[in-house]
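S.K.: Sending over a structure as structure tokens; questions will come in a sec.
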Amino acid sequence: MNNSIKFVVPKDKGESEFVGFNSENGAFVFPCKYFRDAELDGKHDEQLFKREAKNILLLLKHVEQKYLFGGGNAQLLQFHSMLWLMQDYIDHGYYVETEKVFGTSGAGRIHWGKTIRHSPVWLSGGNVIYPNPIRSRVTIDESRIITQIYKACLEYSVLRLGFIFGIERTEHAMYDVEKDKDFLSFFLTKELQSTNKDDKKTLLRHLLSIVNHQNEKTSGWGFSIFDKDFEYVFEFLINHVFGTEDVKKFYNTYSYYLPQRVPSSKLRPDTIMKDERSWTYYVVDSKYYNFGYTGSAKDLPASSDISKQIGYNHFLRDNLPEKEQDFHVKSVFLLPYSAEDSQPIKCVGYACRDARADENFCNKKDDDRVAVCLVDLRELIYSYQGKSNTLSPRKLIETIENFDKIAVKND
600 MNNSIKFVVP KDKGESEFVG FNSENGAFVF PCKYFRDAEL DGKHDEQLFK
650 REAKNILLLL KHVEQKYLFG GGNAQLLQFH SMLWLMQDYI DHGYYVETEK
700 VFGTSGAGRI HWGKTIRHSP VWLSGGNVIY PNPIRSRVTI DESRIITQIY
750 KACLEYSVLR LGFIFGIERT EHAMYDVEKD KDFLSFFLTK ELQSTNKDDK
800 KTLLRHLLSI VNHQNEKTSG WGFSIFDKDF EYVFEFLINH VFGTEDVKKF
850 YNTYSYYLPQ RVPSSKLRPD TIMKDERSWT YYVVDSKYYN FGYTGSAKDL
900 PASSDISKQI GYNHFLRDNL PEKEQDFHVK SVFLLPYSAE DSQPIKCVGY
950 ACRDARADEN FCNKKDDDRV AVCLVDLREL IYSYQGKSNT LSPRKLIETI
1000 ENFDKIAVKN D
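Position one of the sequence shown corresponds to residue 600 (our numbering), numbered consecutively onward.
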């Protein structure tokens, strides 16, 4: 693999089939318009790309634990171990094996147990003197096997993911992770069984993960998902950042009566928000659609999506607990976009059944319309990773409320 990574930022959501990194072609593909135009301004900011690529890979790793995209659990474990190993190298340098050496010459601390048992004794004036005390000192042996395995696994990791940390090359090891897999796996397993040190156990487990889960079937190694599957990542993010309720409690159930009752499939809302301040439930539907990037009506959710959301509204409204009968129920479509105007989230309108000629959408009942909002994808990822606090359920609610006020005023 070429150590030079090509960073790709699609201008259109259908421009690339994948999101993420693949070593076979040495390319990292970001989600559509992940960077603002003003941010790049014709520049190729390598450090910015590397930093954001790391964020995307960490996100995909976390989401894979839930959905198992981009590879199985083995690749997920290996990916985590490769990141851990490179961070360990940055923090501590190469791992080196140490060995205690005992002798009667040179520097070192006196080992009284061995001195008393094995050293000659002189008696002088009632005092016990050990003329040749046995001393211990720690020596570093860089040729030890684990040190070389560490270097081999580090070299393997840097070749594939070193660009994330800005590591271009490391020392060449005497072993090869792929060619010497059987021996390395045997030796590391034996060492893991014999050591009692927790920090060494952690190291050995990560080395084993890299050795055992390296890809034998293809020459390329990567961590990416189909762009069409990124909708699940988007849904995951929306639910984590804006969700306040367990959606399992809000399944919309239907049945046939023939005449006996025959349950049909359940409809699950993506995300539920509950706002005690305004006595409102919000049914949030995440849509990884292109509208936020193109502004084209053909990229909006379909009529069937609108009907489904309104159906959720009425189901929830009809099944509110007695103590919450005064609650309002509203729906929201959340679509991704790139916030060129620095607004991490904004409301752009509503979807509803066509209004009569004398009727404005503002006059529609809350549960008969769906707000259409755009959320900046990068800010959404930052919020999920705890790097930003610009997005929250309260921020989304205020955005919709402010849009309503302006719409009513202009009506």
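Even glycine gets a Cβ: it sits at the ideal position worked out from N, Cα and C.
Just so we're clear, the structure is a prediction, and the values are computed from it rather than from any experiment.
Would PHE835 and VAL662 be called neighbours here (beta carbons separated by less than 7 angstroms)?
M.R.: Looking up residue 835 in the sequence shown gives position 236. Looking up residue 662 in the sequence shown gives position 63. For PHE835 and VAL662, yes; Cβs fall inside 7 angstroms.
S.K.: Go through its chain and collect everything with a Cβ distance to GLU815's Cβ below 6 angstroms, but skip five positions before and after it.
M.R.: As a first step, residue 815 must be located in the sequence shown, where it is residue number 216. With a pLDDT of 42 at GLU815, under the threshold of 50, the predicted position of this residue should be treated as unreliable, and no value is reported.
S.K.: Can you find at least 3 beta carbon pairs, one from the region 859 to 879 and one from the region 942 to 953, that sit closer than 8 angstroms?
M.R.: These segments do not touch.
S.K.: In whole angstroms, give me the CA-to-CA distance for PHE785 and ILE745.
M.R.: In the sequence shown, counting from the first residue as 1, residue 785 sits at position 186. In the sequence shown, counting from the first residue as 1, residue 745 sits at position 146. C-alpha separation (whole angstroms): 12 angstroms.
S.K.: By DSSP's criteria, CYS972 is part of a beta bridge. Which residues make up the other side?
M.R.: Taking the first residue of the sequence shown as position 1, residue 972 is located at position 373. Partner(s): LEU933 and CYS946.
S.K.: In whole angstroms, what is the alpha-carbon distance linking VAL832 and LEU760?
M.R.: In the sequence shown, the residue the question calls residue 832 occupies position 233. In the sequence shown, the residue the question calls residue 760 occupies position 161. The alpha-carbon atoms of VAL832 and LEU760 are separated by roughly 21 angstroms.
S.K.: Nearest-angstrom Cα distance between GLY842 and PRO935?
M.R.: Translated into positions along the sequence shown, residue 842 becomes position 243. Translated into positions along the sequence shown, residue 935 becomes position 336. Computed Cα separation, rounded: 17 angstroms.
S.K.: What separation, rounded to the nearest whole angstrom, lies between the Cα atoms of ASP1031 and PHE890?
M.R.: There is no way to answer for residue 1031, as the model of the chain reaches only from 600 to 1010.
S.K.: Have a look at GLN646, MET681, LYS649 and ASP640 and flag the residue whose alpha-carbon is nearest the alpha-carbon of LYS660.
M.R.: Here residue 660 refers to the residue found at position 61 of the sequence shown. Considering only alpha carbons, the answer is MET681.
S.K.: Indicate whether PHE822 and PHE620 have their beta-carbon atoms separated by less than 7 angstroms.
M.R.: Position 223 of the sequence shown, counting from 1, holds the residue named residue 822. Position 21 of the sequence shown, counting from 1, holds the residue named residue 620. Yes; because the gap between Cβ atoms is below 7 angstroms, this pair is in contact.
S.K.: What is the DSSP secondary structure of VAL832, counted as helix, strand or coil?
M.R.: Here residue 832 is taken as the residue at index 233 of the sequence shown, counted from 1. Note: VAL832 maps to helix in three-state DSSP.
S.K.: Assign ASP992 to one of three DSSP states: helix, strand, or coil.
M.R.: Mapped onto the sequence shown, residue 992 falls at position 393. The displayed chain sequence assigns Pro, not Asp, to residue 992. Here PRO992 sits in helix by DSSP.
S.K.: What is the residue span of the beta strand (DSSP E) that THR879 lies within?
M.R.: Mapped onto the sequence shown, residue 879 falls at position 280. That run of the beta strand (DSSP E) goes 879 to 885.
S.K.: For my contact list, LEU787 and VAL810 are in at a C-beta cut-off of 8 angstroms; report their separation, rounded to the angstrom.
M.R.: As a position in the sequence shown, residue 787 is number 188, starting the count at 1. As a position in the sequence shown, residue 810 is number 211, starting the count at 1. Confirmed, Cβ separation roughly 7 angstroms.
S.K.: Considering just the uninterrupted stretch of the alpha helix (DSSP H) at PHE890, what are its terminal residues?
M.R.: The residue given as residue 890 occupies position 291 in the sequence shown. 890 to 893 is the extent of the alpha helix (DSSP H) around PHE890.
S.K.: Classify VAL882 as buried or exposed, calling it buried when 16 or more other Cβ atoms lie within 10 Å of its own Cβ.
M.R.: Looking up residue 882 in the sequence shown gives position 283. Buried, since its Cβ has 16 or more Cβ neighbours within 10 Å.
S.K.: According to DSSP, is THR801 part of a helix, a strand, or is it coil?
M.R.: In the sequence shown, counting from the first residue as 1, residue 801 sits at position 202. Here THR801 sits in helix by DSSP.
S.K.: Note down, in chain order, each residue of its chain lying with its Cβ closer than 6 angstroms to the Cβ of PHE629, except the 5 sequence neighbours on either side.
M.R.: Here the question's residue 629 lines up with position 30 in the sequence shown. Closer than 6 angstroms at the Cβ level, and outside the excluded window around PHE629, lie VAL608.
S.K.: Using CA coordinates, which residue listed in ILE837, GLY910, SER877 and ASP884 is at the minimum distance from TYR592?
M.R.: As shown, the chain starts at 600 and ends at 1010. That puts residue 592 outside it, with no answer to give.
S.K.: Among all the DSSP beta bridges, which residues are the ones paired with VAL846?
M.R.: Numbered from its first residue, the sequence shown carries residue 846 at position 247. DSSP output for VAL846 lists no bridge partner at all.
S.K.: For HIS661, which beta-bridge partners are listed by DSSP?
M.R.: Position 62 of the sequence shown holds residue 661. For HIS661, which the question treats as bridged, DSSP gives no partner whatsoever.
S.K.: For ARG952, name the three-state secondary structure that DSSP assigns.
M.R.: Translated into positions along the sequence shown, residue 952 becomes position 353. It is coil, neither helix nor strand.
S.K.: From GLU638 to PHE648, what distance separates their C-alpha atoms?
M.R.: Residue 638 sits at position 39 when you count from the first residue of the sequence shown. Residue 648 sits at position 49 when you count from the first residue of the sequence shown. If I take the Cα positions, the gap works out to 11 angstroms.
S.K.: Starting from ILE909, follow the alpha helix (DSSP H) in both directions and report where the run begins and ends.
M.R.: As a first step, residue 909 is located in the sequence shown; it is residue number 310 there, counting from the start. Looking at the DSSP string, the run of the alpha helix (DSSP H) that includes ILE909 is 902 to 917.
S.K.: Less than 7 angstroms between the C-beta atoms of LEU684 and SER756, yes or no?
M.R.: Position 85 of the sequence shown, counted from the start, is the residue given in the question as residue 684. Position 157 of the sequence shown, counted from the start, is the residue given in the question as residue 756. A contact, by the Cβ cut-off of 7 angstroms.
S.K.: Take the Cβ of SER906 as the centre, count every other Cβ of all protein chains shown within 10 Å, and call the residue buried at 16 or more, exposed below.
M.R.: Counted from its first residue, the sequence shown places residue 906 at position 307. Counting Cβ neighbours within 10 Å, SER906 comes out exposed, since fewer than 16 surround it.
S.K.: In three-state terms, what does DSSP make of ILE766?
M.R.: Residue numbering aside, residue 766 sits at position 167 when the sequence shown is read from its first letter. Here ILE766 sits in coil by DSSP.
S.K.: Could you tell me the distance, in whole angstroms, from the CA atom of THR998 to the CA atom of PRO862?
M.R.: Along the sequence shown, read from residue 1 onward, the residue named residue 998 stands at position 399. Along the sequence shown, read from residue 1 onward, the residue named residue 862 stands at position 263. Computed Cα separation, rounded: 38 angstroms.
S.K.: Within the present structure, is the beta-carbon of ALA652 separated from the nearest heavy atom of the ligand GTP by less than 6 angstroms?
M.R.: Summarising the ligand content, the structure contains no ligands, and the ligand GTP is consequently not present.
S.K.: Are the region 765 to 772 and the region 747 to 755 touching, with three or more C-beta to C-beta distances below 8 angstroms?
M.R.: Judged by Cβ distances under 8 angstroms, the region 765 to 772 makes contact with the region 747 to 755, as three or more pairs qualify.
S.K.: Using CA coordinates, which residue listed in LYS929, LEU758, VAL969 and LEU976 is at the minimum distance from TYR892?
M.R.: Reading the sequence shown from its first residue, position 293 is the one you call residue 892. The candidate whose alpha carbon is nearest that of TYR892 is LEU976.
S.K.: Assign GLU815 to one of three DSSP states: helix, strand, or coil.
M.R.: Your numbering for residue 815 matches position 216 in the sequence shown. Caution applies to GLU815, whose pLDDT of 42 falls short of 50 and renders its modelled position unreliable; the model cannot decide the point.
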